[in-house]
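Below is one structure, written out as structure tokens; the observations come after it.
There are 2 protein chains.
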Amino acid sequence: MVTIYWAEDGAFPPGDRGLAYGDGLFETIRVDGRSAYLQIYHLDRMARDAERLRIPVDRAELERTLQKALERYSDHYSGNSWVLKLTLTRGSGGRGYRPTPELQPNLLVSHAAMPPLPPVTGVVADFSRVPLTVNPLFSGIKSLNRIEQVMAASELHDGVFEVLMANAAGHIVEGTRTNLFIETEDGWRTPPPDSVAVMGVMRRVVLERLRAKGEIVHEAPVMLDDMFAPSCRGVYLTNSVLGIVPVRTLAEQDLPVTGRLATI
Amino acid sequence: MVTIYWAEDGAFPPGDRGLAYGDGLFETIRVDGRSAYLQIYHLDRMARDAERLRIPVDRAELERTLQKALERYSDHYSGNSWVLKLTLTRGSGGRGYRPTPELQPNLLVSHAAMPPLPPVTGVVADFSRVPLTVNPLFSGIKSLNRIEQVMAASELHDGVFEVLMANAAGHIVEGTRTNLFIETEDGWRTPPPDSVAVMGVMRRVVLERLRAKGEIVHEAPVMLDDMFAPSCRGVYLTNSVLGIVPVRTLAEQDLPVTGRLATI
Chain A
1 MVTIYWAEDG
11 AFPPGDRGLA
21 YGDGLFETIR
31 VDGRSAYLQI
41 YHLDRMARDA
51 ERLRIPVDRA
61 ELERTLQKAL
71 ERYSDHYSGN
81 SWVLKLTLTR
91 GSGGRGYRPT
101 PELQPNLLVS
111 HAAMPPLPPV
121 TGVVADFSRV
131 PLTVNPLFSG
141 IKSLNRIEQV
151 MAASELHDGV
161 FEVLMANAAG
171 HIVEGTRTNL
181 FIETEDGWRT
191 PPPDSVAVMG
201 VMRRVVLERL
211 RAKGEIVHEA
221 PVMLDDMFAP
231 SCRGVYLTNS
241 VLGIVPVRTL
251 AEQDLPVTGR
261 LATI
Chain B
1 MVTIYWAEDG
11 AFPPGDRGLA
21 YGDGLFETIR
31 VDGRSAYLQI
41 YHLDRMARDA
51 ERLRIPVDRA
61 ELERTLQKAL
71 ERYSDHYSGN
81 SWVLKLTLTR
91 GSGGRGYRPT
101 PELQPNLLVS
111 HAAMPPLPPV
121 TGVVADFSRV
131 PLTVNPLFSG
141 IKSLNRIEQV
151 MAASELHDGV
161 FEVLMANAAG
171 HIVEGTRTNL
181 FIETEDGWRT
191 PPPDSVAVMG
201 VMRRVVLERL
211 RAKGEIVHEA
221 PVMLDDMFAP
231 SCRGVYLTNS
241 VLGIVPVRTL
251 AEQDLPVTGR
261 LATI
């Protein structure tokens, strides 16, 4: 049984393990009017990640809370788009790090205005000085352990939409809040699942659409040189709230922008 | 200026970044009566880690809050030992991961009873199946990003005091809540600072005391074989609340226990 907290009530339990250890998960979901965009994909991911972290939660319970949140908040935005956030934690208490069997999850619900959308003509991106470290057991999980993304995002400044992060092997893996796709002569490429810190919902959508259109897609490492090679036809960042964002300038070098991924 | 929250008031801000991203730090401090054990070391670490994460906090402010907490809670424990916890976060708000300049830190204060102390005759330990990943930029920081330790600690069961975690290079680095020391024919060894997830306060104390006694100490990687070699005279775990804990059985193999480190 999950305990639900509404952010506007202003109080969350101080003993919660999400706060203590980042022991939980979150989803930020774009809502258009009363319709949660990619709702099933978001619920899929939260339910799957909860299982991987052994946080006992029922997908139907998440879905009911999401529906209640849509009813509760939609009128604030009078038909405009907004962002719904669900934060699921393992609950309050336990003795130190070790989770105890009686823990009951907490689910915090909050909402925010839509961020400004990036221009369809493309954005400016750079490389982060913060290396990305991904634990192979927990790759892709949208957990509350996001210090690396916070510190990388603190490098962002006006005019730079995103910084890309590399792992110890030198592979360019993802942005702070985006997954990475490139189009090459040999088809599409995106870093493999076991390398990513967050397995984006929009990454899944793009992969499915590309495959449905008969496009060739490889889940394989992306190296720095791959993005600047003449064979590279475009670099894209994906995010479920912001959509598919072409990169027109990367580390002060211009890249080709065709917008082909957005069309597909 | 830090905003202080007392856990017994039962409410913490739902928009706090400690909860959202693990964007913060914590200290658990043993208190004997009204005296905070290793107080200076704990304050040193929190102030240093805050600087590394660029959380603007004044060490004197942390110290004043610690003093207030000692006055506030000590009577509950009528002279017995207890544990004080300070959780410092970057504050509430900001737009996504990116910290904004106007953020003001939150400081949550809570207390708990002393955990049972392990027997001086030594404890049983094992190896964790969870690999340890440490970002070189953030090694040693006692941040709120502790999913790996939570998942490793969930492997603990009755009679096993601790599980030791190895990094991708196969070095045995630390336990979920302890640092590691071994005594060999060539002196003492503990894994180097850039390899540890948490740079324990007790690790610092032990290093200082060993050096003051003229003992030879190496901050160097510890391999599995080092602990089971005939040259190994003892394996110890350190924690500022629990002290110095000899390991008598590791992965079902008996180890020599001399208790020499506790004597020093």
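Residue numbers (the working numbering), protein chains in the order written: chain A, 1 to 264; chain B, 1 to 264.
C-beta atoms are modelled at their ideal positions from N, C-alpha and C, and glycine is treated no differently.
Residue i Cβ short of 6 Å to the ligand GDP heavy atom set
i, result
"Val130/B", "Among the components modelled here there is no ligand, and therefore nothing to report on the ligand GDP."
Extent of the continuous beta strand (DSSP E) to which residue i belongs
i, result
"Val150/A", "No beta strand (DSSP E) holds Val150/A; the alpha helix (DSSP H) holding it covers Ile147 to Ala153."
"Gly94/B", "Where Gly94/B is concerned, there is no enclosing beta strand (DSSP E), given that its DSSP letter is neither H nor E."
"Phe12/A", "No beta strand (DSSP E) holds Phe12/A; DSSP gives it neither H nor E."
Straight-line gap, residue i to residue j (C-alpha atoms, nearest Å)
i, j, result
"Glu166/A", "Val130/A", "One point to set straight first is that residue 166/A is Ala, not Glu, in the sequence displayed. In a straight line, the C-alpha of Ala166/A is about 8 Å away from that of Val130/A."
"Gly18/B", "Asn106/B", "9 Å"
"Pro115/B", "Thr190/A", "47 Å"
"Phe181/A", "Glu27/A", "21 Å"
"Val160/B", "Val217/B", "28 Å"
"Gly243/B", "Glu174/B", "15 Å"
"Val257/B", "Val198/B", "25 Å"
"Val57/B", "Pro192/B", "27 Å"
"Thr176/B", "Arg95/A", "13 Å"
"Arg248/B", "Lys85/A", "48 Å"
"Val245/B", "Trp188/B", "15 Å"
"Met46/A", "Val120/B", "44 Å"
"Thr178/A", "Pro230/B", "51 Å"
"Leu210/B", "Ile264/B", "7 Å"
"Met223/A", "Gly93/A", "43 Å"
"Gln67/B", "Ala112/B", "16 Å"
"Pro221/A", "Lys142/B", "31 Å"
"Tyr77/A", "Val241/A", "16 Å"
"Asn135/A", "Leu207/A", "23 Å"
"Leu261/B", "Met202/A", "54 Å"
"Glu51/A", "Ala7/B", "30 Å"
"Leu156/A", "Arg54/B", "15 Å"
Per DSSP, the bridge partner or partners of residue i
i, result
"Tyr236/B", "Phe181/B and Pro246/B"
"Thr28/A", "Lys85/A"
"Ile4/A", "Leu107/A"
"Asp254/A", "Thr249/A"
"Val196/A", "Bridge partners of Val196/A: none, in fact."
"His218/A", "Arg189/A"
"Val165/B", "Looking at the sequence provided, one finds Met at residue 165/B rather than Val. Partner(s): Glu174/B."
"Ser35/B", "Asp32/B"
"Val124/B", "Thr249/B"
"Ser143/B", "Leu25/B"
For residue i, the first and last residue of its enclosing alpha helix (DSSP H)
i, result
"Glu71/A", "Arg59 to Tyr73"
"Glu51/A", "Gln39 to Arg52"
"Asp260/B", "Note that residue 260/B is Arg in the sequence shown here, rather than Asp. Residues Arg260 to Thr263."
"Tyr290/B", "Any answer about residue 290/B is impossible in this case: the structure gives chain B only from 1 up to 264."
"Arg204/A", "Val201 to Ala212"
"Ala20/B", "Arg17 to Tyr21"
"Asp186/A", "From DSSP, Asp186/A is part of no alpha helix (DSSP H); its letter is neither H nor E."
"Leu224/A", "Leu224 to Phe228"
Min CB distance residue i to chain A below 7 Å
i, result
"Pro14/B", "yes"
"Pro118/B", "no"
"Ser143/B", "yes"
"Ile305/B", "Because chain B spans 1 through 264 in this model, residue 305/B falls outside it and cannot be assessed."
"Tyr37/B", "no"
"Leu156/B", "yes"
"Tyr97/B", "yes"
"Gly18/B", "yes"
"Leu250/B", "no"
"Thr3/B", "no"
"Val130/B", "yes"
CB contact below 7 Å: residue i versus chain B
i, result
"Asn135/A", "yes"
"Val123/A", "no"
"Asp23/A", "yes"
"Thr190/A", "no"
"Val269/A", "For chain A, the structure presents residues 1 to 264; residue 269/A sits outside this window and is missing."
"Gly140/A", "no"
"Ala153/A", "yes"
"Thr65/A", "no"
"Leu237/A", "no"
"Val257/A", "no"
Inter-stretch contact (C-beta, 8 Å, three-pair minimum) for the stretch 238-256 of chain B and the stretch 121-139 of chain B:
Contact between the stretch 238-256 of chain B and the stretch 121-139 of chain B is present, with at least three C-beta pairs closer than 8 Å.
Determine, using beta-carbon pairs with one atom in the stretch 6-20 of chain B and one in the stretch 5-21 of chain A, whether at least three such pairs fall under 8 Å.
yes
Stretch-stretch touch, CB-based, cutoff 8 Å, three pairs: the stretch 94-111 of chain A with the stretch 58-78 of chain A:
yes
Stretch pair the stretch 31-39 of chain B + the stretch 72-83 of chain B: three plus CB contacts closer than 8 Å
Under the three-pair Cβ rule at 8 Å, the stretch 31-39 of chain B counts as touching the stretch 72-83 of chain B.
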